[in-house]
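Below is one structure, written out as structure tokens; comments come after it.
Protein chains: 4
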Amino acid sequence: MTLTGVEVVKHNNSKDCWVIVHGRAYDVTDFLPEHPGGPKIILKYAGKDATEEFEPIHPPDTLEKYLDKSKHLGPVDMTTVITEKTEESPDEKERQRRIAEMPLLEQCYNLLDFEAVARRVMKKGAWGYYSSAADDEITLRENHAAFHRIWFRPKILVDVEKVNFSTTMLGTKVDAPFYVTATALGKLGHVEGEVVLTRAARKHNVIQMIPTLASCSFDEIIDAAEGDQVQWLQLYVNKDRAITQRIVEHAEKRGCKGLFITVDAPQLGRREKDMRSKFMDPGSNVQNGQQTDNSQGAARAISSFIDPGLSWADISWFRSITKMPIMLKGVQRVEDVLKAIEAGVQGVVLSNHGGRQLDFARSGIEVLAETMPVLRELGLEDKIEIYIDGGIRRATDIIKALCLGAKGVGIGRPFLYAMSAYGFDGVDRAMQLLKDEMEMNMRLIGATSVGELNQSLVDTRSLFNHSSTPADNLAYAVYDPLVNPAQRAGMAAEMKGKAKL
Amino acid sequence: MTLTGVEVVKHNNSKDCWVIVHGRAYDVTDFLPEHPGGPKIILKYAGKDATEEFEPIHPPDTLEKYLDKSKHLGPVDMTTVITEKTEESPDEKERQRRIAEMPLLEQCYNLLDFEAVARRVMKKGAWGYYSSAADDEITLRENHAAFHRIWFRPKILVDVEKVNFSTTMLGTKVDAPFYVTATALGKLGHVEGEVVLTRAARKHNVIQMIPTLASCSFDEIIDAAEGDQVQWLQLYVNKDRAITQRIVEHAEKRGCKGLFITVDAPQLGRREKDMRSKFMDPGSNVQNGQQTDNSQGAARAISSFIDPGLSWADISWFRSITKMPIMLKGVQRVEDVLKAIEAGVQGVVLSNHGGRQLDFARSGIEVLAETMPVLRELGLEDKIEIYIDGGIRRATDIIKALCLGAKGVGIGRPFLYAMSAYGFDGVDRAMQLLKDEMEMNMRLIGATSVGELNQSLVDTRSLFNHSSTPADNLAYAVYDPLVNPAQRAGMAAEMKGKAKL
Amino acid sequence: MTLTGVEVVKHNNSKDCWVIVHGRAYDVTDFLPEHPGGPKIILKYAGKDATEEFEPIHPPDTLEKYLDKSKHLGPVDMTTVITEKTEESPDEKERQRRIAEMPLLEQCYNLLDFEAVARRVMKKGAWGYYSSAADDEITLRENHAAFHRIWFRPKILVDVEKVNFSTTMLGTKVDAPFYVTATALGKLGHVEGEVVLTRAARKHNVIQMIPTLASCSFDEIIDAAEGDQVQWLQLYVNKDRAITQRIVEHAEKRGCKGLFITVDAPQLGRREKDMRSKFMDPGSNVQNGQQTDNSQGAARAISSFIDPGLSWADISWFRSITKMPIMLKGVQRVEDVLKAIEAGVQGVVLSNHGGRQLDFARSGIEVLAETMPVLRELGLEDKIEIYIDGGIRRATDIIKALCLGAKGVGIGRPFLYAMSAYGFDGVDRAMQLLKDEMEMNMRLIGATSVGELNQSLVDTRSLFNHSSTPADNLAYAVYDPLVNPAQRAGMAAEMKGKAKL
Amino acid sequence: MTLTGVEVVKHNNSKDCWVIVHGRAYDVTDFLPEHPGGPKIILKYAGKDATEEFEPIHPPDTLEKYLDKSKHLGPVDMTTVITEKTEESPDEKERQRRIAEMPLLEQCYNLLDFEAVARRVMKKGAWGYYSSAADDEITLRENHAAFHRIWFRPKILVDVEKVNFSTTMLGTKVDAPFYVTATALGKLGHVEGEVVLTRAARKHNVIQMIPTLASCSFDEIIDAAEGDQVQWLQLYVNKDRAITQRIVEHAEKRGCKGLFITVDAPQLGRREKDMRSKFMDPGSNVQNGQQTDNSQGAARAISSFIDPGLSWADISWFRSITKMPIMLKGVQRVEDVLKAIEAGVQGVVLSNHGGRQLDFARSGIEVLAETMPVLRELGLEDKIEIYIDGGIRRATDIIKALCLGAKGVGIGRPFLYAMSAYGFDGVDRAMQLLKDEMEMNMRLIGATSVGELNQSLVDTRSLFNHSSTPADNLAYAVYDPLVNPAQRAGMAAEMKGKAKL
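Chains as they are written, first to last, in the UniProt record's numbering: chain A, 1 to 501; chain B, 1 to 501; chain C, 1 to 501; chain D, 1 to 501.
The structure is reproduced here in structure tokens:
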């Protein structure tokens with residue numbers, strides 16, 4: 001039996017709450033208190049069609065999985081559902097104007113250009129989710145800046161007519177030493193979500209790492225792959241290990257060639273930029289100081305299942321349930337690289353989660369520079385594969401990582417931004433630009449293959465020097481610089497110090 | 001006998017000066033020259049009600065204590081006192097507008113947010129007093145910046161389901177490794193003054209240090225405590241040791257559990273921002289160069305009793321008059337930490353008085369990093385408890401201090417700002433935010449208790465590097481940068497270099 | 001037979017394309033796909049006079065050399081050619097206004113002043129070509145900044161009445177320790193091109209290095225020399241070694257006294273500023289994502305002949321075909337200086353091609369400071385002559401290089417800018433200013449001849465410290481700094497963070 | 001016989017040029033080509049009264065000394081001289097407005113405040129002369145900034161009730177460890193010139209060093225001293241040693257107690273800010289490129305007599321002609337301090353001439369930190385007195401210098417600025433502020449006398465670190481930062497990059 005909009009709209013409050021998603025009605029009354037994003041956001045759509053809000057932040061099988069079948073009320077005759085004509089906000093109008101005037105794809109010459117365009121054309125909340133990071137975002141910026149403290153010592157008069165920057169990662173031959181790392185909620189940036197990245201990775205023969213928190217379902221992303229295209233799985237470990245086991249086994253069955261266990265996120269980070277961008281003023285009738293539902297952004301909402309109890313003891317269990325190579329993603333000190341070797345994993349990703357977790361965590365490239373001399377000292381440098389991610393924007397960054405001993409690098413946000421701005425064509429061009437830069441810069445550094453990249457080609461003496469930290473914006477904003485004595489007439493004006501309070 | 005306003009107003013000059021405070025009249029004629037804040041500020045209220053000005057910067061028992069009983073003229077019938085309708089200044093109107101539009105408490109996501117709001121809604125003079133510091137305020141900013149030269153080396157795969165950041169301070173069990181340090185003149189920020197902090201400290205089970213220069217009386221602050229709530233006493237030592245002895249004995253009797261003797265302030269600092277914000281133009285009939293009363297800000301006015309002769313020799317006397325643990329607040333080099341151990345005190349606070357005393361004093365965190373290796377070398381690390389204060393705004397700052405060996409940290413201005421902006425609710429939320437950050441960041445660094453925080457978790461190699469100092473604002477403001485040759489037509493305009501003189 | 005404009009204009013499309021250059025018609029139909037700058041730019045002039053566009057970026061013998069004689073159609077009666085009255089663009093009008101108001105030559109007090117004037121008066125594309133550099137232009141700026149990390153240790157009470165800063169370079173006596181290094185496309189800056197530099201070099205008795213990619217022909221530049229004026233040849237090595245041999249032998253015959261083989265450019269760099277300044281919007285009827293011809297700037301267009309296969313093995317061949325001293329231009333690490341000595345060349349230029357090739361290549365001055373101690377250690381410091389170029393703007397920069405062991409320095413862009421702004425007079429004054437600065441600063445450092453300049457006169461301890469890198473403009477532009485909570489009324493406005501998207 | 005204006009005005013050209021100074025006419029026709037400031041500036045006043053222009057930059061005895069008596073034409077009846085009513089320029093009107101509104105003296109809380117006021121109220125040319133420095137003014141700013149890389153390690157619990165910062169300099173007891181160092185052309189700042197400084201030095205019992213290039217005559221400055229006030233002589237050594245001998249012997253006779261021979265200025269520096277501020281556009285009828293008289297600012301004009309041949313060999317001669325202690329002013333490396341000891345002088349001033357000579361000379365404080373350990377190593381630390389000057393603005397700067405081993409510090413520009421803004425009262429207050437800061441900061445660092453200041457009280461580890469240099473303003477101004485792709489509509493606008501060309 002098909003429901004009508006008139007029927008659904010009666011269930012429009014917290015005691016009796018139905019919502020429509022993709023043309024089907026669901027009774028979510030009992031689920032309200034458990035909703036990781038809080039009940040408030042659902043109640044906004046009580047008795048209405050919630051598809052548009054639901055879509056980007058829930059994989060399509062969410063309701064199947066998490067809502068008891070008895071609450072599935074069946075199809076709704078959507079012609080009977082009154083669509084609220086939402087007045088386009090001034091912000092949205094402005095955004096549409098920016099989209100109309102966005103630069104041609106050909107005007108993007110580097111990865112940061114895509115970020116600049118994405119910043120203009122993405123919805124505020126989506127931009128806030130992608131771009132935000134932990135606390136003062138010091139680590140976010142350090143990830144990129146750290147590469148700027150490494151300089152080249154290029155060789156000349158090397159025959160570089162043919163340069164080849166292909167390599168292998170966990171046994172897979174790839175055309176360039178980067179992979180698409182896992183990032184959550186792809187549909188916030190593009191209506192098709194992560195499968196866009198799948199197609200681009202295919203075209204450029206690089207590996208995609210599939211995120212646990214994708215907007216597309218895992219199988220959709222696997223299905224989007226073609227031929228012998230290789231994919232890896234990024235894994236947040238569930239408190240319920242049975243669920244985790246199902247996911248891992250399923251991934252292996254579907255052909256995933258690597259299991260990247262996230263180890264830097266026992267709890268997902270607090271990102272104030274994201275929180276601030278989502279804050280909604282409840283209106284003037286709210287008393288100051290009264291408790292209001294304070295959304296903590298998309299990240300916290302979708303991650304409550306992650307197990308903070310994950311520990312080294314679990315690694316052997318993983319080895320027992322899968323034959324996929326096991327990688328630890330988010331290792332942050334050489335001691336833990338040694339432990340990883342001992343634990344028998346195939347490799348590590350030196351990463352701080354794109355600066356989204358612990359502020360003042362060091363960059364992957366710095367941890368790499370700390371790690372490799374120790375491994376070489378101990379004769380362990382070939383025991384595992386080491387990757388890094390975070391802050392990579394140029395082929396020179398990749399080359400620096402390879403010179404220091406990385407097998408390859410993961411790139412996340414830049415591809416998301418390219419996708420958000422220009423879809424598949426954007427990601428395609430972003431990857432092509434990176435390859436063009438790789439070819440050029442391999443030549444200029446005097447190396448014809450990745451095997452020739454070594455530490456004598458870089459000067460890292462300043463890498464560990466943190467005497468200049470990124471701007472501390474919040475602290476700066478509240479500091480009134482000292483001023484000289486004001487002119488007598490102009491005193492009132494000048495005394496204010498910085499202009500606007 | 002009750003006086004009338006008509007009677008009081010006759011005594012309105014420097015030869016015969018009465019003022020009304022809290023409904024009682026006082027003859028302050030003889031006291032004028034002795035007033036630490038200068039006679040001028042009193043004469044402004046000669047013959048009038050001075051309560052509003054008097055209130056925030058004098059403890060309620062001030063007149064009892066410092067004005068001879070014979071000058072207490074008794075109650076005034078306040079219905080007979082003409083209240084001058086003070087025209088609201090444009091500055092004050094603007095401030096009231098800002099207060100009306102201030103952000104909701106829920107929009108404050110970190111300690112600096114409270115400072116941003118306080119800056120907008122506090123009175124200029126109060127903001128000037130709280131926020132100012134010594135000379136060019138280099139140390140003020142360094143206190144915060146120093147933490148930014150310390151980076152984390154987090155551990156992964158530690159079971160952090162349960163994290164516990166409670167600790168003990170001088171034997172008291174507290175729920176978080178911070179305490180409310182002593183700051184003067186709480187009523188400048190909030191009408192109730194320091195007792196607001198007492199209540200918040202109670203709610204969060206952290207210790208409050210009671211300032212000598214509180215706006216509330218010592219007993220009011222003690223009385224505001226509940227149950228077994230622990231408080232400490234911060235002490236400026238009086239030239240008259242008998243007064244000091246009375247204060248110490250009284251504090252011990254009232255239950256104070258620690259005596260923090262301020263040792264970095266033989267004279268209270270000169271704070272130019274505060275001075276400048278208080279300067280009043282005496283009008284155009286004053287000759288250039290003629291001496292005018294030049295207020296040096298609230299700090300100097302209230303501190304003339306402090307004894308610059310205090311020395312190591314006094315410490316044994318303190319030990320003789322109290323059983324409270326004795327702490328030295330304001331130690332600034334490892335040599336003096338060693339002396340403190342020798343002198344038999346229970347601990348030290350490595351502090352530079354919030355940057356308000358000696359500019360270019362180093363941050364507490366840097367002195368800590370200098371101190372602990374020496375103590376460990378000498379086997380003295382357990383002989384005393386070491387605290388730091390200054391510049392702490394994030395849980396990561398606290399964790400860094402604990403990793404380096406501090407028992408805990410003092411936080412002052414942030415709680416004052418939270419109180420000034422939102423009262424008790426503000427301080428409550430500020431403390432809760434710190435606790436939330438503590439929990440999150442303990443997890444992310446891979447430590448389940450404060451005992452697990454150690455120096456291997458931080459990289460301090462850049463901490464002692466001062467090659468980048470904070471902006472030197474006064475010097476920058478007077479420097480004309482070199483300019484390129486001007487266009488001929490536009491020459492006059494461009495030649496000026498920086499715009500406004 | 002003389003052609004008419006009416007005749008030529010018929011051949012105005014990609015299937016049949018004639019163009020007029022310097023009053024003669026050419027059939028370039030078959031050449032279109034081979035044109036290094038792409039066919040599009042030629043088609044713009046199909047059937048028309050292309051002289052103005054052709055002139056600055058092609059040496060006059062280009063058509064002779066590269067277009068088969070059969071395509072030379074002979075003279076055109078230019079009175080029959082309709083000159084399109086090109087509407088002056090607003091940009092060009094603005095530029096003409098700036099030219100009219102440009103500063104007097106006498107207002108230029110240093111080399112950077114010429115750059116400031118050139119920036120205002122040059123055409124956008126020409127400025128883009130001269131001023132651009134690789135990737136984020138970090139090395140471009142580092143070249144100049146590196147000198148700022150070297151400080152002087154001047155001697156006093158030296159009789160400096162007479163100071164003499166003449167020296168010899170490859171056996172030639174010169175009046176100052178700098179030479180005019182090779183830079184491409186001089187006619188972009190001045191209608192006469194490189195011969196302007198020849199005349200100024202003559203006047204000041206310094207050496208000019210003739211660029212392979214000059215706008216003037218090699219012989220024109222040689223012919224412009226007077227008397228015993230010495231010139232060197234900069235060489236891009238052609239894939240066709242026979243061409244290279246002809247060039248080298250011709251240069252030697254014409255009297256060149258040094259052969260500087262460029263070794264840092266197996267492929268000419270990608271310069272995004274140049275590319276962006278040349279991008280032309282094809283109009284609104286182009287679909288987003290559709291491939292368009294994307295000019296990569298002048299550099300890539302004119303350099304396709306360069307051989308990326310050039311290697312150390314080629315050096316002996318060069319020695320076999322010429323008696324000129326052989327120099328390697330673009331050496332970037334001490335190991336390669338040692339190899340150069342082994343290969344028997346007369347010297348090296350420590351250079352990164354003005355920052356136009358590999359970003360994060362180190363400055364010449366830093367490589368010099370790395371190199372000389374090693375050479376001295378090995379007793380090789382007199383085996384070759386070492387020059388540097390890049391970033392030199394002041395005599396103090398030259399003196400620093402000489403103190404560290406350089407025989408002399410090459411200066412490129414500054415003379416181009418002086419020429420672009422003021423022609424010969426500009427270059428003359430630029431050289432005179434440098435000499436004035438040399439005299440002054442030799443005195444102030446306490447040296448009467450270049451022989452007295454040594455490493456004890458400089459403090460280079462900070463030279464290798466790269467903890468502060470130049471601003472990372474693209475990354476900065478896309479970063480939204482964190483903001484404090486907005487006022488409630490003003491929330492929408494403030495939330496935007498940085499103003500313009 | 002008294003001349004009339006009518007008579008004088010006839011001699012108004014370069015072939016026949018009379019000028020009036022202080023009511024007397026002079027024939028300067030033959031002198032024109034020799035005038036150190038160039039003939040042009042004199043010709044502006046040919047036939048007219050030049051007193052106002054002449055006054056501040058020539059000592060009163062100039063015409064006596066340098067113009068042959070035969071050219072002294074005698075008194076002029078000034079009532080017959082037509083005063084040109086010079087239209088007040090818009091710049092001057094603006095300046096007068098600023099003077100009318102200048103802050104009260106009491107609003108100046110530190111030395112930089114005087115500089116801020118002076119910058120507003122001084123004439124452009126005078127400000128340009130005082131404030132300018134060599135080349136890019138890197139050393140000018142480094143002089144101040146270097147102090148910011150030194151941090152304190154204060155002692156606590158020292159009885160500082162009485163602090164005494166008096167000391168002795170070359171045997172003279174002074175009330176504070178600073179002296180007024182020599183600076184030229186005092187009348188540019190104040191109509192009375194250097195005697196204002198004499199009076200202030202007297203009041204505060206500090207020493208004044210009398211400049212060779214004073215606006216007042218030497219004897220006027222000596223005569224302005226009172227009682228046993230001590231003065232020193234700063235000496236530029238003349239090419240004609242007989243003149244120098246006369247000056248030295250006269251100074252000794254008049255009671256000078258120290259001879260400070262300037263050794264860092266064999267030639268006076270080129271100061272582009274000064275030159276630019278003096279440049280006058282000769283009008284549009286001047287051809288571009290045509291040579292025009294290009295004033296090099298006041299410094300060059302007045303210093304042509306200085307002997308660049310001065311050398312160590314001259315020192316013994318000085319010792320033979322005077323009993324005054326001989327000091328070398330401008331020593332810049334430890335090797336030369338050792339030479340100075342060997343040469344038997346009484347002391348040195350580590351100085352770079354206020355950054356006005358060699359750019360990238362190191363600060364005096366850095367040279368001091370280099371020098372003292374060597375002297376102590378060699379047991380020479382008591383053989384001479386060491387002073388520094390340059391960049392001192394705070395008592396903390398003075399204390400740092402004393403901790404590092406300086407006997408005292410020279411302060412120049414700050415007193416000039418105080419004088420220029422407020423005359424004697426300004427200098428008086430500036431000195432008093434320094435003394436107040438001295439007392440306060442001696443207390444806060446825990447020292448009761450200058451003898452207790454030692455190197456354990458400072459941390460200088462970062463002093464030699466020059467990784468962060470001051471802003472390079474000229475280079476910055478000409479650099480176009482890379483920009484992201486422009487919106488299509490807004491392309492033209494954004495493509496411009498930095499706004500104004």
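Think of the CB as a built atom: it goes at the ideal place given N, C-alpha and C, for glycine as much as any other residue. For clarity, every value in this text was computed on a predicted model and none was experimentally measured.
Query	Result
Work out the CA separation of glycine 330 (chain B) and serine 351 (chain B) for me, nearest whole Å.	4 angstroms
In angstroms, rounded to a whole number, what distance separates the CA positions of aspartate 293 (chain C) and arginine 276 (chain C)?	With a pLDDT of 40 at aspartate 293 (chain C), under the threshold of 50, the modelled position of that residue is not reliable, and no figure is offered here.
Is leucine 233 (chain B) close to chain A, meaning its C-beta is less than 9 angstroms from at least one C-beta of that chain?	no
Of all the options A:Val374, A:Ile392, A:Ala395, A:Ala251, which has the alpha carbon lying nearest to the alpha carbon of alanine 325 (chain A)?	Strictly speaking, residue 325 (chain A) in this sequence is proline, with alanine absent from that position. The shortest C-alpha separation from proline 325 (chain A) is found at A:Ala251.
Can you give me the start and stop residues for the beta strand (DSSP E) that threonine 396 (chain A) sits inside?	Counting along the chain, threonine 396 (chain A) falls outside any beta strand (DSSP E), though it belongs to the alpha helix (DSSP H) covering 395-403.
Can you tell me which of the three DSSP states tyrosine 417 (chain D) falls into?	helix
Count the other C-beta atoms from every protein chain shown that fall within 10 angstroms of the C-beta of proline 90 (chain C), then say buried if there are 16 or more, exposed otherwise.	exposed
Is the distance from the Cβ of phenylalanine 54 (chain D) to the Cβ of valine 9 (chain D) below 9 angstroms?	no
Since alanine 184 (chain B) and alanine 225 (chain B) are thought to touch, with beta carbons under 8 angstroms apart, how far apart are those beta carbons, to the nearest angstrom?	That belief does not hold up - the Cβ atoms of alanine 184 (chain B) and alanine 225 (chain B) are roughly 19 angstroms apart, past 8 angstroms.
Using CA coordinates, which residue listed in C:Thr79, C:Asn484, C:Asp480 is at the minimum distance from leucine 3 (chain C)?	C:Thr79
Alpha carbons only, please: which of C:Asp219, C:Ile210, C:Lys187, C:Ile222 is nearest the one belonging to threonine 262 (chain C)?	C:Ile210
Among A:Val6, A:Phe305, A:Ile42, A:Val163, which has the Cα closest to the Cα of valine 450 (chain A)?	A:Val163
State yes or no: is the beta carbon of tyrosine 417 (chain D) nearer than 9 angstroms to at least one beta carbon in chain A?	no
By DSSP, does tyrosine 179 (chain D) sit in helix, in strand, or in coil?	strand
Using a Cβ-Cβ cutoff of less than 7 angstroms, which residues in the same chain neighbour alanine 401 (chain D) once the five nearest sequence positions on both sides are dropped?	Ile365, Leu368, Ile388, Val409
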